[in-house]
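Input: a single structure, listed below in structure tokens.
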Amino acid sequence: MKISTKLIIFFCGVVVLFVMLALALLAQTRTVSAGYDALLAQQVRQAEAARVIQVNFKKQVQEWKDILLRGHAPDDLARYTRQFHDEESEVRSGAAALATAVQDAEARELLDQFLAAHKTMSEKYQAAYDAYIAGGFDFKVADKMVRGQDRAPTNLFDQVVQRLNEQVVASVASQERAVRAARNLALGATGGLLAGLGLVGLLTVRAILQRLGRLKAVSDRLAKADIEGLSVDISGPDEIGQFGESMKGVHAAIEELSTLATAAGQA
Amino acid sequence: MAAKLNEFYKQAAQEFGLAGRIKLAMLTKISSEKAEAAEDSPENIRIFERAIQQLRSGS
Numbered sequence: 008m009k010i011s012t013k014l015i016i017f018f019c020g021v022v023v024l025f026v027m028l029a030l031a032l033l034a035q036t037r038t039v040s041a042g043y044d045a046l047l048a049q050q051v052r053q054a055e056a057a058r059v060i061q062v063n064f065k066k067q068v069q070e071w072k073d074i075l076l077r078g079h080a081p082d083d084l085a086r087y088t089r090q091f092h093d094e095e096s097e098v099r100s101g102a103a104a105l106a107t108a109v110q111d112a113e114a115r116e117l118l119d120q121f122l123a124a125h126k127t128m129s130e131k132y133q134a135a136y137d138a139y140i141a142g143g144f145d146f147k148v149a150d151k152m153v154r155g156q157d158r159a160p161t162n163l164f165d166q167v168v169q170r171l172n173e174q175v176v177a178s179v180a181s182q183e184r185a186v187r188a189a190r191n192l193a194l195g196a197t198g199g200l201l202a203g204l205g206l207v208g209l210l211t212v213r214a215i216l217q218r219l220g221r222l223k224a225v226s227d228r229l230a231k232a233d234i235e236g237l238s239v240d241i242s243g244p245d246e247i248g249q250f251g252e253s254m255k256g257v258h259a260a261i262e263e264l265s266t267l268a269t270a271a272g273q274a
Numbered sequence: 056m057a058a059k060l061n062e063f064y065k066q067a068a069q070e071f072g073l074a075g076r077i078k079l080a081m082l083t084k085i086s087s088e089k090a091e092a093a094e095d096s097p098e099n100i101r102i103f104e105r106a107i108q109q110l111r112s113g114s
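The listed protein sequences derive, respectively, from chains A and B. Using my numbering, you'd call the opening residue of the first sequence number 8 and step up by one each time. Using my numbering, you'd call the opening residue of the second sequence number 56 and step up by one each time.
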């Protein structure tokens, strides 16, 4: 194979290799990006929604306390009752939506338990509210009826938040492991391919330089007309081989000249 | 002995002089000294015939 062909093939090989590496890295980047997008779109968003519901639930309980403390004033009673029911509705619809969205069975089970506990709590709060109004705004009676009733749903929802947070942490860790593995694979493949290319290039250059060295040695001897015992043993289909063939002709011509000169000297 | 190859050298000398011998050696890559030791193989005869033709055509 000609040296020019070898060089063109080597150059094309390097270009193709780097294009393939670039495409592989691009695909890997997209995969990593898609993984994080999925994490943000689902688990992180669900954990965030759970925290919002948790805050709304605490606000609902706070509204209940405001009803008891300030409900003796009609305006405050109407205002805090409305806010209490708004928060109650927010908590219930949010938890129901979250229960439909979550894929983790344990989190879904906890949410179902929370919804049941929240419904029971709401019924008790409504009974206490009715007693509060009927009793002339006696907060002691109403408070006694629902005292500690928010504990069970609170604990259940704390577990929901904790479970979803654990899921996010586990998913992030899994994603990081996948990124590390992909990075190591990319580094290994790139390093291996570059080392292979470097080795092929080095061996090719070494072979060319060795043959050029032999050609130069022959050329040096021909330049000095030192043809005694000279053998032009350089062949091959490449440019160096072709040059070696030409050198054989020059060598034969110098030999012929030498023979003629010797014959002329003897005559 | 390569009698036929030597004949080519004599032919080149007759037709083109010393320069013809040198050109024949260059084209065949075989000097007259080596031609004497070489065989009159079909391959060698073919090379010399072609070289003589080249000399005659002046290329």
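All residues carry an ideal CB built from backbone N, CA and C; glycine is no exception.
Taking the C-alpha atoms as reference points, what is the distance between residue i and residue j?
i, j, result
"Gln169 (chain A)", "Leu163 (chain A)", "10 Å"
"Glu55 (chain A)", "Arg37 (chain A)", "25 Å"
"Asp150 (chain A)", "Arg89 (chain A)", "19 Å"
"Val26 (chain A)", "Gln53 (chain A)", "40 Å"
"Ile234 (chain A)", "Glu91 (chain B)", "18 Å"
"Gln120 (chain A)", "Glu94 (chain A)", "19 Å"
"Val148 (chain A)", "Glu113 (chain A)", "38 Å"
"Asp44 (chain A)", "His125 (chain A)", "33 Å"
"Ala159 (chain A)", "Met128 (chain A)", "9 Å"
How is residue i classed by DSSP in three states: helix, strand or coil?
i, result
"Pro244 (chain A)", "coil"
"Arg154 (chain A)", "coil"
"Leu75 (chain A)", "helix"
"Lys126 (chain A)", "helix"
"Glu94 (chain A)", "helix"
"Gln108 (chain B)", "helix"
"Gly111 (chain A)", "Sequence inspection shows Asp at residue 111 (chain A); the Gly mentioned does not correspond to that position. Asp111 (chain A) falls in the coil class under three-state DSSP."
"Glu183 (chain A)", "helix"
So residue i packs on residue j, CB below 8 Å; how close in whole Å?
i, j, result
"Arg218 (chain A)", "Ile241 (chain A)", "7 Å"
"Ile77 (chain B)", "Glu263 (chain A)", "5 Å"
"Asp245 (chain A)", "Met8 (chain A)", "6 Å"
"Gln67 (chain A)", "Val98 (chain A)", "6 Å"
Any beta carbon of chain A sitting closer than 7 Å to that of residue i?
i, result
"Ser86 (chain B)", "yes"
"Arg101 (chain B)", "no"
"Arg105 (chain B)", "no"
"Ala92 (chain B)", "no"
"Leu60 (chain B)", "no"
"Leu73 (chain B)", "yes"
"Ala80 (chain B)", "yes"
With a threshold of 7 Å between beta carbons, is residue i in contact with chain B?
i, result
"Asp266 (chain A)", "According to the sequence displayed, residue 266 (chain A) carries Thr and not Asp. Closer than 7 Å to some Cβ of chain B, the Cβ of Thr266 (chain A) qualifies, so yes."
"Glu235 (chain A)", "no"
"Ala271 (chain A)", "no"
"Glu262 (chain A)", "yes"
Within this structure, are the beta carbons of residue i and residue j separated by less than 7 Å?
i, j, result
"Ala68 (chain B)", "Asp95 (chain B)", "no"
"Gln109 (chain B)", "Leu82 (chain B)", "yes"
"Glu88 (chain B)", "Thr12 (chain A)", "no"
"Leu60 (chain B)", "Ala93 (chain B)", "yes"
"Lys255 (chain A)", "Lys84 (chain B)", "yes"
"Val23 (chain A)", "Val175 (chain A)", "no"
"Arg115 (chain A)", "Ala103 (chain A)", "no"
"Gln166 (chain A)", "Leu117 (chain A)", "yes"
Using a C-beta cutoff of 7 Å, does residue i count as contacting chain D?
i, result
"Ala68 (chain B)", "Note that chain D does not occur in the displayed structure, where the protein chains are A and B."
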